[in-house]
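Participant: One structure is given below, represented as structure tokens, and several questions about it will come after.
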Amino acid sequence: MIVQEEYTINYSYRKTILEHLKDIGVEMVFEKGSLIEFEFKKLDYLYLILDGKVIQYFLDVEGRERIILILSAGDLFGEITMIQGDYDQVITKAYTFVKVCKINKSDLMRYLEENPKLYDSILLMVTTKFRILMSQLYDNAYFDVKQRLYRLLKRLSVQHKVRVKGGNKIDLKLTHEELASMIGSTRSTVTRLLKELEEEGAITRKGNI
């Protein structure tokens, strides 16, 4: 899917975090669809994504997934729970085949004491996630379903982009059900609205999406 309108966000931290932290933990792999971490669990470690993508989501009262973040190589996850010392609030699952580095809190803190400039990149990563979550809250409060869907596609076209003629291609094989779970809608509504957006020239679709 190609989205014409631009949306900007700073992902410069990914390269720096990878360079610094990729060798200080234990490497692990997860097949697509595997659960990595569950909700309501205390963590004294975090993960660095070395390759692949993971999703983080809540379960609503009816047991349906509500995807909030899709993370890529260079992103950390589990850092908030590790630092706060409380319980994880999300479930993390491998969206693709994923290779991660599991880093103990003590090892990370020791490394940061010796390399304090890395705090800048970690802070940028945390605030980037916060910005994405705030955008979702804003969309849910002020926009209808069609606008929420388009604004989501704009964000994804930057977060997971491949530059092509005419805009940014979203480098994800998202189902209509997954898109619906990210905007609080239904699969059938997303299917209809994607067709409308394509007819309006806002997006270009290839394949089944």
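Sequential numbering from 1 applies to the sequence shown in this note's numbering.
Ideal Cβ placement from N, Cα and C applies to all residues, glycine included.
Please classify glutamine 56: is it buried, with 16 or more other beta-carbons within 10 angstroms of its beta-carbon, or exposed?
Facilitator: The residue in question, glutamine 56, is buried, as its Cβ has 16 or more Cβ neighbours within 10 Å.
Participant: With DSSP as the reference, label glutamine 89 as helix, strand or coil.
Facilitator: If DSSP states are grouped into helix, strand and coil, glutamine 89 belongs with coil.
Participant: Assuming leucine 172 and isoleucine 70 make a contact with CB atoms under 8 Å, what is their CB distance in whole Å?
Facilitator: 7 Å between Cβ atoms; contact.
Participant: Suppose contacts are defined by Cβ-Cβ distances below 8 Å. Is threonine 96 in contact with lysine 15 by that definition?
Facilitator: Their beta carbons are not under 8 Å apart, which means threonine 96 does not touch lysine 15 by this criterion.
Participant: For the structure I just gave you, are there three or more beta carbon pairs, one from the segment 129-149 and one from the segment 29-44, closer than 8 Å?
Facilitator: No, because fewer than three Cβ pairs between the segment 129-149 and the segment 29-44 fall closer than 8 Å, the two stretches do not touch.
Participant: Can you tell me whether valine 190 is helix, strand or coil according to DSSP?
Facilitator: Three-state result, valine 190: helix.
Participant: Looking at the strands, I want to know which residues DSSP matches up with phenylalanine 77.
Facilitator: Looking at the DSSP assignment, phenylalanine 77 forms a beta bridge with Tyr47.
Participant: Report the rounded CA-to-CA distance for leucine 133 versus glutamate 113, giving the unit in angstroms.
Facilitator: C-alpha separation (whole angstroms): 29 Å.
Participant: For tyrosine 47 versus valine 100, is the C-beta distance shorter than 8 Å?
Facilitator: Closer than 8 Å, so yes.
Participant: Give the straight-line distance between the Cα atoms of aspartate 120 and alanine 73, rounded to the nearest whole angstrom.
Facilitator: The straight-line gap from Cα to Cα measures roughly 18 Å.
Participant: Kindly indicate which three-state DSSP category lysine 41 falls into: helix, strand or coil?
Facilitator: Correct three-state label for lysine 41: coil.
Participant: So who's on the other strand from leucine 59, going by DSSP bridges?
Facilitator: According to DSSP, which records beta bridges pairwise, leucine 59 is partnered with Glu65.
Participant: For threonine 92 versus valine 126, is the C-beta distance shorter than 8 Å?
Facilitator: No.
Participant: Quick check on DSSP: helix, strand or coil for arginine 163?
Facilitator: Strand at arginine 163.
Participant: Note down, one range per segment and in chain order, each beta strand (DSSP E) of at least 3 residues found wholly within the segment 86-131.
Facilitator: Listed in chain order, they are 91-94, 98-104.
Participant: So, helix, strand or coil for leucine 197, using DSSP?
Facilitator: It is helical.
Participant: Does the Cβ-Cβ distance between asparagine 115 and tyrosine 45 come in under 8 Å?
Facilitator: No. Outside cutoff.
Participant: Check for me: the alpha helix (DSSP H) holding glutamate 177 runs from which residue to which?
Facilitator: Element bounds for glutamate 177: 176-183.
Participant: Identify the residues that DSSP records as bridge partners of glutamate 27: which are they?
Facilitator: In DSSP, glutamate 27 forms a bridge with Cys101.
Participant: Could you give the first and the last residue of the continuous alpha helix (DSSP H) run that contains arginine 205?
Facilitator: Segment: none, arginine 205 is in no alpha helix (DSSP H) and carries neither H nor E.
Participant: My assumption, with CB atoms under 8 Å, is that leucine 193 sits in contact with lysine 129. Please give the rounded CB distance.
Facilitator: So it is not a contact: roughly 26 Å between Cβ atoms.
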